[in-house]
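In my numbering, the protein residues as written are 11 to 524.
Before any comments, here is the structure.
Below is the structure:
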């Protein structure tokens, strides 16, 4: 892939030197340029010149963002898990006379993943902020409130007197009641519940903050098993046997064979014209008794259980089937993007299998986009992986670098893997319309992409403001809830037709249908 810089090498090098000569970073330039030349010669030196200004910007911005997030949750503004553990450790010190009065309590919004999937990130963040505010109002000044995970809050209850289980159950119920008021959302009121697990120090053998928090988490797990809006206290006998990995893997394997796991399709559109440029095929599991299961609950098990290749086969088959059906219906869908795992990419026959499937469906290779995680590109020294991607690129498939900005892919690796498009990770897209650091981050990535002749796509776009800002920054494509949520194949036909009609009549992008 040719470098489309529009500048001579000398001008590039001078430009890079001017860009990085800041008091605390100037000393890095000679070393980086020398190492680049030593490792890869003139081409690597040129790559360093192109990438260095972007690298400096990313390092600075990422460092500031990481430091900020380490202190506070980005949504609720609350301290994190580590803060709670440190507080509990202090209170549980043997010299502390109030040992028995320290209680750890965890409150988790029931089915929070489902709420986020159904209503979107903006709605879920509003729920989290509302819960944080209501919990603060229900607590005393000496109590401690943190956010452990999305939709999950941790509390350290400092009591001035000894407490029993009944008192803590009553307190838990009051906290549940405090957050039970509906949250206004787009003209409607959304009701939700929360489950609570708590632990007292005198019921925990290891007198550390980590152990007390872990005990409260075990109690919360038991509460979840009892259904929504439940409360459980930790007891030493609360050591239920978790499902063995082999049992879970078997259930997932059966789900793949039974057609329970299939792709849902999320549209990708052009920021210039608003036209549909493709869909991404995303794995979804509709369990016959449990309903929709969040991808995060089964994808890690698929990777650990050696089922990645089977999942890839299922998703690719249904993605190509979808293209064939859209073509038969006379609908214009340029391509479908499919994620390929590291395990799949290490199969020497992968590119042959994909070619065979494309031929079987009589679909041109340029209708398939191969998504490869940035971490795979950054860490791969596997010639098999590189050969697979190179063969797919030569065949005519588009190569997308997924979750860009979360890994450390070098310019050399990006070129070696024949990348055509960078997918800017949603962590950089969130609030890009209002956060100056986010704008600078995206601008730096966009600048590097343009210098390398790569297209860009912003992931996780959930507001018109984010959409508009990405367009202003030069991002060519967007994908996210602002356009449409992932949808089953059966709903795509309706969405495509509505989208095309909307462009012709109002030039307003349609929201999700159904």
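Don't be surprised by glycine CBs; every beta carbon is placed ideally from N, CA and C.
Only a predicted model underlies this, so the values are computations on that prediction, with no experimental measurement involved.
**Message:** Between 118, 398, 406, 492, which has its C-alpha nearest residue 229's C-alpha?
**Reply:** Position 219 of the chain shown holds residue 229. Out of 118, 398, 406, 492, 118 has the C-alpha closest to the C-alpha of residue 229.
**Asked** Could you give the uninterrupted runs of the beta strand (DSSP E) lying entirely in the segment 197 to 278, keeping only those of 3 residues or more?
**Response** 198 to 200, 204 to 209, 241 to 243
**Item:** Supposed close pair residue 163, residue 145 - CB separation, criterion 8 Å
**Value:** On the chain shown, position 153 is the one that residue 163 refers to. On the chain shown, position 135 is the one that residue 145 refers to. That belief holds up - the Cβ atoms of residue 163 and residue 145 are roughly 6 Å apart, short of 8 Å.
**Request:** Taking all protein chains shown into account, decide if residue 366 is buried (16 or more other Cβ within 10 angstroms of its Cβ) or exposed.
**Result:** Locating residue 366 in the chain shown gives position 356, counting from the first residue. So residue 366 ends up on the exposed side.
**Prompt:** When DSSP labels each residue in this structure, what does residue 369 get in the three-state scheme?
**Reply:** Position 359 of the chain shown, counted from the start, is the residue given in the question as residue 369. Residue 369 falls in the helix class under three-state DSSP.
**Request:** Identify whether residue 180 lies in helix, strand or coil by the three-state DSSP scheme.
**Result:** Residue 180 sits at position 170 when you count from the first residue of the chain shown. Residue state, collapsed to three classes: helix.
**Item:** residue 146 in three-state terms, based on DSSP
**Value:** Residue 146 sits at position 136 when you count from the first residue of the chain shown. Residue 146: helix per DSSP, three-state reduction.
**Request:** Tell me, please, which residues DSSP counts as bridged to residue 545.
**Result:** Since the first residue shown for the chain is 11 and the last is 524, residue 545 is missing from the structure and cannot be characterised.
**Residue of 465, 497, 493, 328 minimising C-alpha distance to residue 483** = Taking the chain shown and counting its residues from 1, one reaches residue 483 at position 473. Ranking the options by Cα distance to residue 483, first place goes to 465.
**Request:** Grab the span of the alpha helix (DSSP H) containing residue 515 for me, first residue to last.
**Result:** Mapped onto the chain shown, residue 515 falls at position 505. Its alpha helix (DSSP H) spans residues 499 to 515.
**Item:** Closest by C-alpha distance to residue 373, when choosing among 381, 216, 333, 350
**Value:** As a working mapping, residue 373 is identified with position 363 in the chain shown. Looking at the Cα atoms, 333 is the closest of the given residues.
**Spatially closest choice to residue 96 from 203, 221, 305, by CA coordinates** = Numbered from its first residue, the chain shown carries residue 96 at position 86. Closest by alpha carbon: 221.
**Item:** Residue span of the beta strand (DSSP E) that contains residue 302, given as start and end
**Value:** The sequence position of residue 302 within the chain shown is 292, counting from 1. Residues 301 to 303.
**Item:** Helix, strand or coil at residue 90 [DSSP, three-state]
**Value:** Counted from its first residue, the chain shown places residue 90 at position 80. Residue 90 falls in the coil class under three-state DSSP.
**Backbone secondary structure at residue 55 - three-state DSSP** = By one-based count along the chain shown, residue 55 stands at place 45. Legend: pLDDT at residue 55 = 48, less than 50; position of this residue unreliable, no value from coordinates given.
**Request:** Would you mind reading off the limits of the beta strand (DSSP E) that contains residue 475?
**Result:** Against the chain shown, residue 475 aligns to sequence position 465. Premise fails: residue 475 lies in the alpha helix (DSSP H), 474 to 482, not in any beta strand (DSSP E).
**Request:** State the beta-bridge partners of residue 164 as determined by DSSP.
**Result:** Counting from one through the chain shown, the residue named residue 164 turns up at place 154. According to DSSP, which records beta bridges pairwise, residue 164 is partnered with 116, 156.
**Message:** Which residue marks the beginning of the beta strand (DSSP E) containing residue 315, and which one marks its end?
**Reply:** Locating residue 315 in the chain shown gives position 305, where the first residue counts as 1. Residue 315 -> no beta strand (DSSP E), and no H or E assigned at all.
**Request:** Using a threshold of 9 Å, state whether the C-beta atoms of residue 468 and residue 476 are closer than that.
**Result:** By 1-based counting over the chain shown, the position of residue 468 is 458. By 1-based counting over the chain shown, the position of residue 476 is 466. Their beta carbons are under 9 Å apart, which means residue 468 touches residue 476 by this criterion.
**According to DSSP, residues forming a beta bridge with residue 327** = Sequence index remark: in the chain shown, residue 327 carries index 317 (1-based). Answer by DSSP bridge pairing: none, since residue 327 is not bridged.
**Prompt:** What residue from 339, 186, 359 has the CA that sits closest to residue 401's CA?
**Reply:** Walking along the chain shown from the start, residue 401 turns up at place 391. The option with the nearest alpha carbon to residue 401 is 359.
**Asked** In terms of residues, what are the limits of the alpha helix (DSSP H) holding residue 125?
**Response** The sequence position of residue 125 within the chain shown is 115, counting from 1. 122 to 129 is the extent of the alpha helix (DSSP H) around residue 125.
**Prompt:** Can you round the beta-carbon distance between residue 436 and residue 410 to whole angstroms, since I take them to be within the 8 Å contact cut?
**Reply:** Residue mapping note: residue 436 aligns to position 426 of the chain shown, counting from 1. Residue mapping note: residue 410 aligns to position 400 of the chain shown, counting from 1. The pair is not a contact, with the Cβ atoms about 15 Å apart (cut-off 8 Å).
**Prompt:** Any idea what DSSP makes of residue 308, helix, strand or coil?
**Reply:** For the purposes of this step, residue 308 is taken as residue 298 along the chain shown, with counting starting at 1. Helix.
**Request:** Throw me the rounded Cβ distance for the residue 439 and residue 281 pair, which I believe falls under 8 Å.
**Result:** Within the chain shown, residue 439 is the residue found at index 429, counting from 1. Within the chain shown, residue 281 is the residue found at index 271, counting from 1. Their Cβ separation, rounded to whole angstroms, is 12 Å, which puts residue 439 and residue 281 out of contact at 8 Å.
**Message:** My assumption, with CB atoms under 8 Å, is that residue 378 sits in contact with residue 396. Please give the rounded CB distance.
**Reply:** Within the chain shown, numbered from 1, the residue matching residue 378 stands at position 368. Within the chain shown, numbered from 1, the residue matching residue 396 stands at position 386. 19 Å between Cβ atoms; not a contact.
**Asked** Near residue 352, which residues of its chain fall below 7 Å by C-beta distance, leaving aside the five closest residues on each side in sequence?
**Response** Residue numbering aside, residue 352 sits at position 342 when the chain shown is read from its first letter. 386.
**Prompt:** Do residue 243 and residue 209 have their C-beta atoms closer together than 9 Å?
**Reply:** Position 233 of the chain shown, counted from the first residue, corresponds to residue 243. Position 199 of the chain shown, counted from the first residue, corresponds to residue 209. Taking 9 Å as the Cβ cut-off, residue 243 and residue 209 qualify as a contacting pair.
**Residue range of the unbroken beta strand (DSSP E) whose run includes residue 349** = Stepping through the chain shown from its first residue, residue 349 is reached at position 339. Start and end: 346 to 349.
**Asked** Between residue 361 and residue 405, which are expected to be in contact by the criterion C-beta below 8 Å, what is the C-beta distance as a whole number of angstroms?
**Response** In the chain shown, residue 361 corresponds to position 351, counting from 1. In the chain shown, residue 405 corresponds to position 395, counting from 1. Going by Cβ atoms, the distance from residue 361 to residue 405 rounds to 7 Å, so yes, they are a contact pair.
**Prompt:** Are residue 286 and residue 273 close, meaning C-beta to C-beta below 9 Å?
**Reply:** Along the chain shown, read from residue 1 onward, the residue named residue 286 stands at position 276. Along the chain shown, read from residue 1 onward, the residue named residue 273 stands at position 263. Not a contact, by the Cβ cut-off of 9 Å.
**Request:** Just grab the DSSP bridge partners of residue 280 for me.
**Result:** Here the question's residue 280 lines up with position 270 in the chain shown. According to DSSP, residue 280 bridges with 487.
**Request:** Within its chain, find whatever has a CB closer than 8 Å to the CB of residue 306; leave out the 5 residues flanking it on each side and keep chain order.
**Result:** Reading the chain shown from its first residue, position 296 is the one you call residue 306. Result list for residue 306: 123, in chain order.
**Request:** Leaving out five residues on either side along the sequence, give the residues of the same chain with a beta carbon under 6 Å from the beta carbon of residue 38.
**Result:** Locating residue 38 in the chain shown gives position 28, counting from the first residue. Because residue 38 sits at a pLDDT of 45, beneath the cut-off of 50, its placement in the model cannot be relied upon, and the point is left open.
**Prompt:** Pairing CB atoms from the segment 136 to 143 with CB atoms from the segment 173 to 181, are three or more of them under 8 Å?
**Reply:** no
**Asked** If we count the other Cβ atoms within 10 Å of its Cβ and call it buried at 16 or more, is residue 300 buried or exposed?
**Response** Taking the first residue of the chain shown as position 1, residue 300 is located at position 290. Exposed is the call here.
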